[in-house]
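Residue numbers (this note's numbering): 29 to 109. Note that beta-carbon positions come from the ideal geometry of N, C-alpha and C, so glycine has one too. It should be emphasised that the depicted structure is a prediction, and the values quoted were computed from it without experimental measurement.
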């Protein structure tokens, strides 16, 4: 799984859902784990090895990876805060 440069977010969710494939954080590369920590901390960035819709489970619970949305403000595209 590779992310082609899309900016991602991560949000904590109570459960993954029955149809959702879940990966354990230990299955991620070291770089993807660092990226996931940054996403969980509020950063929006591309992370190789993570895709929108994916759920990762760690000791702290489930994290769902999503695509960062953009909004148009004053004619310029900016990431939503």
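Between the alpha carbons of residue i and residue j, how many angstroms are there, rounded?
i	j	result
residue 70	residue 83	16 Å
residue 89	residue 57	19 Å
residue 47	residue 81	12 Å
residue 36	residue 94	5 Å
residue 64	residue 85	11 Å
residue 77	residue 91	14 Å
residue 104	residue 39	Caution is warranted here: a pLDDT of 46 is assigned to residue 104, below 50, making its placement in the model unreliable, and no coordinate value can be reported.
residue 62	residue 79	15 Å
residue 72	residue 66	8 Å
residue 55	residue 68	17 Å
Does DSSP put residue i in a helix, a strand or coil?
i	result
residue 89	strand
residue 100	Low per-residue confidence applies at residue 100: pLDDT is 43, beneath 50, and the placement is therefore not dependable, though the value from the model is reported in the following sentence. Three-state DSSP puts residue 100 in a strand.
residue 75	coil
residue 63	helix
residue 49	coil
For a quick check, are the C-beta atoms of residue i and residue j less than 8 Å apart?
i	j	result
residue 60	residue 34	no
residue 50	residue 44	yes
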